[in-house]
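Working notes for the structure below.
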Amino acid sequence: MKMTIRIFRPVSSAFVAVLAIVALSTCSSFGEIGGLGAQLAADAGYISDTQADAVGDAAESAEKAFETLTPEQEYYVGRSVAANILADYPPLDNESANSYLNTLGQTLAMVSDKPFTFKGYRFLLLDSDEINAFATPGGFIFITRGMLECATDEAMLAAVLAHEIGHVQLEHGIKAIKASRWTDTITKTAIAGVAMTSAEMAEVTAVFDDSIGDITQTLVVNGYSKDQEKKADEAAAVILARAGYDSEAIIFMLEEMNRRWNPGGHDFAATHPTPNERIRKVRKTVDSQPRPERSSTPVREERYERAFSEI
Amino acid sequence: MKRLLIFLILAFFALALWAGSMMSVQVSTAQLRGTPSFLGAIAAELAYGDRVEVLESGRGWFRVSTESGQSGWIQESALSSKKIVLSTGGDISSGASTEEVALAGKGFNEDVEREYRAQTDLDFTWVDRMETFGHPAEELVAFLKDGDLEGVIE
Numbered sequence: 002m003k004m005t006i007r008i009f010r011p012v013s014s015a016f017v018a019v020l021a022i023v024a025l026s027t028c029s030s031f032g033e034i035g036g037l038g039a040q041l042a043a044d045a046g047y048i049s050d051t052q053a054d055a056v057g058d059a060a061e062s063a064e065k066a067f068e069t070l071t072p073e074q075e076y077y078v079g080r081s082v083a084a085n086i087l088a089d090y091p092p093l094d095n096e097s098a099n100s101y102l103n104t105l106g107q108t109l110a111m112v113s114d115k116p117f118t119f120k121g122y123r124f125l126l127l128d129s130d131e132i133n134a135f136a137t138p139g140g141f142i143f144i145t146r147g148m149l150e151c152a153t154d155e156a157m158l159a160a161v162l163a164h165e166i167g168h169v170q171l172e173h174g175i176k177a178i179k180a181s182r183w184t185d186t187i188t189k190t191a192i193a194g195v196a197m198t199s200a201e202m203a204e205v206t207a208v209f210d211d212s213i214g215d216i217t218q219t220l221v222v223n224g225y226s227k228d229q230e231k232k233a234d235e236a237a238a239v240i241l242a243r244a245g246y247d248s249e250a251i252i253f254m255l256e257e258m259n260r261r262w263n264p265g266g267h268d269f270a271a272t273h274p275t276p277n278e279r280i281r282k283v284r285k286t287v288d289s290q291p292r293p294e295r296s297s298t299p300v301r302e303e304r305y306e307r308a309f310s311e312i
Numbered sequence: 002m003k004r005l006l007i008f009l010i011l012a013f014f015a016l017a018l019w020a021g022s023m024m025s026v027q028v029s030t031a032q033l034r035g036t037p038s039f040l041g042a043i044a045a046e047l048a049y050g051d052r053v054e055v056l057e058s059g060r061g062w063f064r065v066s067t068e069s070g071q072s073g074w075i076q077e078s079a080l081s082s083k084k085i086v087l088s089t090g091g092d093i094s095s096g097a098s099t100e101e102v103a104l105a106g107k108g109f110n111e112d113v114e115r116e117y118r119a120q121t122d123l124d125f126t127w128v129d130r131m132e133t134f135g136h137p138a139e140e141l142v143a144f145l146k147d148g149d150l151e152g153v154i155e
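The listed protein sequences derive, respectively, from chains A and B. For any residue, its number in my numbering is found by taking its place in the first sequence, counting from 1, and adding 1. For any residue, its number in my numbering is found by taking its place in the second sequence, counting from 1, and adding 1.
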């Protein structure tokens, strides 16, 4: 998956336009058109035939994922990935902090491209010094105390939450599931109106287990592709601006993370490109957003201080 | 340039296709609002699988009418073009594809989660607790307003 995603980078805007048509089309299958788009791009000399095949394959696996999983099923996947994260990182049980985090996060989700997931976005602080944040399919979002400490105001914290919402709206978690997991039984049980036999139940549970493993491994150990991180950063800049924040906040946050960058550490350094590389890539999107008159207000400063005064 | 033109034409038709089509609520609950905005008064609450007819669309919202004849606006991410079938009235798999029909509660569902939990012994206490952390849209709009955040509330 990682390799094929990288192939998208050098592809021209014409190809992006073809994919955009696919996104708007209501009657065509993604795989069909994804393959066609790749072929058009190859014919036009933008990518090689081998690359076109790889893009076609990626489109096909994405088609399977999108066709097969409903928001309800994504929600169940998200719950179990969340339980796995909570097995590694203890929750930070503080009502005022978590309540503020949810108000801020849900406000950002409301102005995102995907305001609704099956049961909505939920946020939780993790009691860990590690600098990290995670988002599961369906919108369970976690941020460590270490990451919170990098932020000095509401807008910087908003930048982290908006980046995670970006991963959810772009379906990056679901795309981390290996295409080979989509067996006939999975497809069949998703559409057949009959009860599962015990053998089918065992197979579906095994595939569920493997899918949860794929996503958790990607979130905690391997990381998403550089391109997916870039897209989540760009989505974050847009979400910040739509909410009325100065989207420069994502640059400030990345600069602070850069000061704390610890290569080889078991935190965001293990799963993300360097903050400086990310700043370079998101700069253009940040610069194209409208700037608000004020970067903060006394109300924002006061509610931010109050929320985290006990931790 | 030619490609851009083709793109625009196709995009126009893709949007025009929505009008008159039937869609399903794909989230556990959704609000039907008086205007295409999270500030719009709530006209009705819709449930997972409810069918609506699309009357018009614009800027991320659909104006729809429900089976009981109410009409209002609903945010597009709450709707799916698939038919979501709640009850399992026999085998409907013949001729139906996952592109057209989704069965609520099938595939990765509560039963599969229960089986998975039995096998892994994972603790879901905090996952369940997280689900109680919801704030109504009106409160979120107030959060923007109080913070002098001139967000695009749509």
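Using N, Cα and C, we set each Cβ at its ideal position, and we do this for glycine too.
{"query": "Length of the line joining the Cα atoms of residue 278 of chain A and residue 116 of chain B", "result": "43 Å"}
{"query": "Closer than 7 Å at the beta carbon, the chain C residues around residue 246 of chain A", "result": "The structure shown contains no chain C; its protein chains are A and B."}
{"query": "Alpha helix (DSSP H) segments (min. 4 residues) lying fully within the segment 121 to 197 of chain A", "result": "146 to 151, 155 to 170, 173 to 176, 185 to 192"}
{"query": "Partner residues on chain B for residue 93 of chain A, Cβ-Cβ distance less than 7 Å", "result": "Under the 7 Å cutoff, chain B gives no residues; its nearest Cβ is about 10 Å from residue 93 of chain A."}
{"query": "Beta-carbon proximity check, residue 219 of chain A vs residue 225 of chain A, cutoff 8 Å", "result": "yes"}
{"query": "Chain B within 8 Å of residue 307 of chain A, Cβ atoms only", "result": "no"}
{"query": "Against chain B: residues of the segment 110 to 122 of chain A by CB proximity under 8 Å", "result": "111, 112, 114, 115, 116, 117, 118, 119, 120, 121"}
{"query": "Cutoff 8 Å: residue 33 of chain A Cβ touching any chain B Cβ", "result": "Interpretation of residue 33 of chain A is limited by its pLDDT of 35, a score under 50 that renders its predicted location unreliable; the figure taken from the coordinates is listed afterwards. Answer no: the Cβ-Cβ gap between residue 33 of chain A and chain B never drops below 8 Å."}
{"query": "Of the residues B:150, B:101, B:44, B:140, the one placed nearest residue 69 of chain B, counting alpha carbons only", "result": "B:44"}
{"query": "Residue 31 of chain A burial status per 10 Å Cβ neighbour count (16 or more: buried)", "result": "Only weak support exists for where residue 31 of chain A lies, its pLDDT of 33 falling under 50; the value from the coordinates is given anyway. So residue 31 of chain A counts as buried."}
{"query": "Residues that DSSP places opposite residue 47 of chain B in a beta bridge", "result": "B:31"}
{"query": "Chain B within 8 Å of residue 187 of chain A, Cβ atoms only", "result": "yes"}
{"query": "Residue 62 of chain B, enclosing beta strand (DSSP E) - first and last residue", "result": "62 to 67"}
{"query": "Residue 100 of chain A - DSSP class collapsed to helix/strand/coil", "result": "helix"}
{"query": "Alpha-carbon spacing of residue 73 of chain B relative to residue 22 of chain B, whole angstroms", "result": "15 Å"}
{"query": "Residue 116 of chain B at chain A interface by Cβ criterion, 8 Å", "result": "yes"}
{"query": "At least three beta-carbon pairs within less than 8 Å, the segment 151 to 167 of chain A to the segment 93 to 100 of chain A", "result": "no"}
{"query": "Start and end residues, beta strand (DSSP E) containing residue 104 of chain B", "result": "102 to 104"}
{"query": "Short CB-CB distance (under 8 Å) between residue 73 of chain A and chain B", "result": "yes"}
{"query": "Cβ neighbour criterion (16 or more within 10 Å) applied to residue 151 of chain B", "result": "exposed"}
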